[in-house]
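Residue numbers (the working numbering): 771 to 1012.
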């Protein structure tokens, strides 16, 4: 084929037909350009097809992970709310007295149990970001939520740590104070100094859980995190149905 076109060029030049040769040359250039454009289009379509397959893969993984995250988060909230309601009841019984100490002590041990922590599955969004394939997500709102989720979770995690620290203080007191660690709690009554510590600690525990559960207007970390989880589930559902 190359020899054929070369022969045509030679004949046109030899026969001194410059205009015909020019038209032929332009036509040949156009054919080359068209060929390049077709190749680029085919290559672009291949990239789009690959991106579409990748997008579906990531959307399914993210949707699955965040359905599990939602279930875990809601279960944690139920458990933490139980603690919180017990604290409110216990708070009404203060101050600690000889008469109420035995029953209150059992409640203290309950409300200062180690709580459930939220450990979201984020391997799907981490894989998407680290691989550099975030571009396959075309929905800008979804992309923004994915990129910001880890920072939002860390903000919420700070409140969990605050609540855990209060529990750690209780455990230290419980282990160090012989009056609490004895089995016969009915006949063992804490000192005035210890009573004050326990009453203050109960308020700290209530405040920490209130912040964690978004009970107060000053902090809405958990509420916003749940909204983000719901939004990611909803948007991935919508994208998968397209």
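Where is the CB? At the ideal position from N, CA and C, for every residue including glycine.
Here residue 933 is near residue 885, since their CB atoms are less than 8 Å apart.
Just so you know, the alpha carbons of residue 835 and residue 994 end up roughly 18 Å apart. Counting the other CB atoms within 10 Å of its CB gives residue 986 a total below 16, which places it among the exposed residues.
A direct Cα-Cα distance of roughly 11 Å separates residue 850 from residue 888. In the same chain as residue 871, and ignoring 5 residues on each side of it, the C-beta atoms closer than 6 Å to its own belong to 959, in chain order. Look at residue 984 here: in three-state DSSP terms it is coil, with no helix or strand label. In this structure, the straight-line span from the alpha carbon of residue 852 to that of residue 937 is close to 15 Å. By alpha-carbon distance to residue 1000, the top candidate from 843, 824 and 825 is 843. Contact between residue 856 and residue 869 does not hold, since the beta-carbon distance rounds to 20 Å and is not under 8 Å. By the beta-carbon neighbour count (other beta carbons within 10 angstroms, threshold 16), residue 839 is buried.
As the crow flies, the alpha-carbon of residue 943 is around 11 Å from that of residue 965. Pairing residue 894 with residue 832 gives a Cβ-Cβ distance under 8 Å.
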